[in-house]
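Colleague: If you're matching them up, the sequences are chains A and B in order. Taking this note's numbering, I'd label the letters of the first sequence as residues 490 to 639. Taking this note's numbering, I'd label the letters of the second sequence as residues 7 to 313. No residue lacks a Cβ here, since even glycine has one placed at the ideal position from N, Cα and C.
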Amino acid sequence: MKVACFLVLSVALALIGTPAFAHHGTGVSYDASKPVTFKATVTEFRYANPHPQLYFDVTDEKGNVVHWSGEFYPNPAQLIQGGWGRKRSEAALQYGTKINITLAPSRAGTPVGAILSLQNEKGETIMGVAGGGPGEAPRGGAPAGRGVQP
Amino acid sequence: MKARWIPAVVVVSVGVCVGLLLSVVLMGQGGQRGISAADPKNAGKTYDKHDLAGFWTRNGSPGGYGGGGTCRDCGDRGFGNDVPPFTPLGQKMFDANKPSYGRNLGTPDAAAHPEEHIGRRRAVPPANGTDPYQYCNPMGPSRALIYPDPVEFIVLPDRLYQHFEWGYGLRTIWTDGRKPLMDPDLPRWWGYSAARWDGDTFVVTTTGVDERTWVDHFGYPHSVDMVLEERYQRTAYDVLELNMTITDPKIYTAAWKSQTKKFRRIEKGTIKSVEGWAGLLEDICAPADEVDQFNRRVRDPAGGVIR
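Quick look at the structure:
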């Protein structure tokens, strides 16, 4: 148990600590040490190079809606390796989908972030980003017989 | 009861320290992790040292699809840390380039690693950077070779094509006996490449590379007079080693030797679409996606820039 805890913690920290490895060096724009978590609603999803993008609305405690955008660290090549092709990803992130999302927020304070974890209302991980890190291939969620998990 | 917690606290504390240390090491090395270049399953397999054809990758994931870090012992994502002193022109060009890779400029993390050349410690948000590839301009030969995406070597009787997944670019290396083209009239994004065998080493000489490309993603410059020499050696069935040297007296006061880079061989059917369609993926940088969408809607706002 102790060993498992040690390994999990080590790997997790190692992954969090590599923000500058994103496909286009965008990691430097975000602060992974100050993650923010929201319940949100998907407004648009784009599965494209260099990184898929997710646009979503967050309603604050006063009822104000803030339009956020987020980029996935994995690029399509990594997502495909994890079994998350375009059709599967788009089906999971249709307009109006309710999500729980954790982001490394923009250092500039704008409503933009790099997606660290993403689940639907059922708690299912979408596009395998939960537990993954910047520049890493996605974890989990690969259909049987497809892709290879890192 | 209190004493029973001590070992757990120690274990977790050590875990945190090792994790942070590992992250720092990985950061400095450019993301080296994942699997090694040589697969023990291939040990003992016979191979022809002059046969370079096939799919090679520096990617650290088993499938080698692309993106992310390099394989563990394959070298990092920079050309090399032993950078010769710049000439005055070289310093000026280096200062003008604003990369977004490496340790963040002006941070305690950057200050804590003086052993790394300053080029690896000056990352700025891409919205404030000058990386030509942020706008889908060609990356140039050395940067393309270093990036951990797969590349297919296609060998014909008179040339070798390197087909890069990253950018889906095609580079021609002539093997028909021609000499390197010195001082070409028109620079090219890929330059002019001619190759020969020196024993079991495949030696490529490239000239005439457009000086708007960077040597690597850390923004090291070169002039149009750069001579890039690549020396490839197939050292195992599944390992191809590459050592490069840049000679560019306009920019560097001495020849710059690269860190040794390794590629690992993957079989034709390894990379495939979700339907099983084998072959390189199409990792094209298309302005319609990159500039019109990603840069405008995500990259620039993330950097506090609204264009």
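#1: Can B:Ala44 and B:Ala260 be called in contact, C-beta distance under 7 Å?
#2: According to the Cβ coordinates, are A:Asn538 and B:Asp295 closer than 7 Å?
#3: List, in chain order, every chain A residue whose beta-carbon is nearer than 8 Å to that of B:Ser279.
#4: Please state if the CB of A:Gln570 and the CB of B:Tyr71 are separated by a distance shorter than 7 Å.
#5: Using a Cβ-Cβ cutoff of less than 7 Å, which residues in the same chain neighbour B:Thr213 once the five nearest sequence positions on both sides are dropped?
#6: Hey, does B:Asn143 have any beta-carbon neighbour from chain A nearer than 7 Å?
#7: Do the CB positions of B:Pro307 and A:Thr532 come within less than 7 Å of each other?
#8: For B:Gln140 and B:Gly173, I'd like the C-alpha separation in whole angstroms.
#9: Can you find the residues in the same chain that come closer than 8 Å, C-beta to C-beta, to B:Arg194, ignoring five residues on each side of it along the sequence?
#10: Measure from the C-beta of B:Pro293 to each C-beta in chain A and report whether the shortest distance is under 7 Å.
#11: Count the CB pairs spanning the stretch 218-227 of chain B and the stretch 113-130 of chain B that are closer than 8 Å, and state whether there are at least three.
#12: Can you tell which of A:Ala580, A:Asn564 and A:Val555 has the C-alpha that lies nearest to the C-alpha of B:Phe300?
#13: Measuring alpha carbon to alpha carbon, tell me which of A:Ser522, A:Asn589 and A:Leu568 ends up nearest A:Gly612.
#14: What in chain A is Cβ-close to B:Val304, meaning under 7 Å?
#15: Do the stretch 248-265 of chain B and the stretch 274-285 of chain B meet, that is, are 3 or more Cβ pairs less than 8 Å apart?
#16: Once the 5 residues before and after B:Gly135 are set aside, which same chain residues still bring their CB inside 7 Å of it?
#17: Step through the CB atoms of chain A and report whether any lies within less than 7 Å of the CB of B:Asp115.
#18: For B:Gln35, decide whether its Cβ has a neighbour in chain A, counting only Cβ atoms nearer than 7 Å.
#19: Which two residues bound the contiguous alpha helix (DSSP H) that contains B:Lys104?
#20: Roughly how many whole angstroms lie between the Cα atoms of B:Leu176 and B:Gly310?
#21: Quick one: is A:Ser522 near chain B, going by C-beta distance under 7 Å?
#22: Check whether the stretch 202-209 of chain B and the stretch 47-64 of chain B are in contact - that is, three or more C-beta pairs closer than 8 Å.
#23: Using the C-alpha atoms, what's the distance from A:Ser518 back to B:Asn143?
#24: Quick check: what's the CA-CA separation for B:Asp298 versus A:Leu543?
#25: What residues from chain A crowd round B:Asp45, counting only those whose CB sits closer than 8 Å?
#26: How would you write the range of the beta strand (DSSP E) that B:Asp115 sits in, first residue to last?
#27: Going straight from the alpha carbon of B:Arg5 to that of A:Glu550, what length do you get?
#28: So, are the CB atoms of A:Ala521 and A:Ala593 less than 7 Å apart?
#29: Find the residues of chain B that neighbour A:Thr532, judging by a C-beta separation of less than 8 Å, and give them in chain order.
#30: Taking 7 Å as the CB-CB cut-off, is B:Tyr226 touching chain A?
#31: Under DSSP, the alpha helix (DSSP H) around A:Leu568 begins and ends at which residues?
#32: Among all the DSSP beta bridges, which residues are the ones paired with B:Met250?
#33: Would you say A:Thr591 lies against chain B (beta-carbon separation less than 7 Å)?
#34: If you check the beta carbons only, do B:Asp244 and B:Glu171 fall under 7 Å apart?
#35: In this structure, how does DSSP classify B:Asp191 when only helix, strand and coil are distinguished?
#36: Under three-state DSSP, which class holds B:Ser29?
Modeller: Quick look at the numbers:
#1: Going by C-beta atoms, B:Ala44 is not nearer than 7 Å to B:Ala260.
#2: At the C-beta level, A:Asn538 and B:Asp295 come within 7 Å of one another.
#3: Ile569 and Gly574
#4: Between B:Tyr71 and A:Gln570, the CB-CB gap stays under 7 Å.
#5: Pro186, Leu187, Met188, Pro190, Gly197, Tyr198 and Val233
#6: no
#7: no
#8: For the pair B:Gln140 and B:Gly173, the Cα-to-Cα distance works out to about 12 Å.
#9: Gly214, Val215 and Asp216
#10: no
#11: yes
#12: A:Asn564
#13: A:Asn589
#14: Gln542, Ser558, Glu560 and Val601
#15: no
#16: In the same chain as B:Gly135, and ignoring 5 residues on each side of it, the C-beta atoms closer than 7 Å to its own belong to Lys104, Pro105 and Ser106, in chain order.
#17: no
#18: Residue confidence is low: B:Gln35 scores 39 on pLDDT, short of 50, so the model does not pin down where it sits. Its coordinate-derived value is still stated next. It does not: the Cβ of B:Gln35 has no partner Cβ on chain A nearer than 7 Å.
#19: Looking at the DSSP string, B:Lys104 is not in any alpha helix (DSSP H), and its letter there is neither H nor E.
#20: 36 Å
#21: no
#22: yes
#23: 21 Å
#24: 15 Å
#25: The contacting residues do not exist; B:Asp45 stays about 13 Å from chain A at best.
#26: Here B:Asp115 belongs to no beta strand (DSSP E); instead the alpha helix (DSSP H) covers Pro114 to Ala117.
#27: Nothing can be reported for residue 5 of chain B, as the shown portion of chain B is limited to 7 through 313.
#28: yes
#29: Within 8 Å Cβ-Cβ: nothing; A:Thr532 doesn't reach chain B, min ~12 Å.
#30: no
#31: Taken as a continuous stretch (DSSP letters only), the alpha helix (DSSP H) holding A:Leu568 covers Pro565 to Gln570.
#32: B:Glu236
#33: no
#34: no
#35: coil
#36: A caution first: B:Ser29 carries a pLDDT of 38, below 50, which makes its placement in the model too unreliable to give a value.
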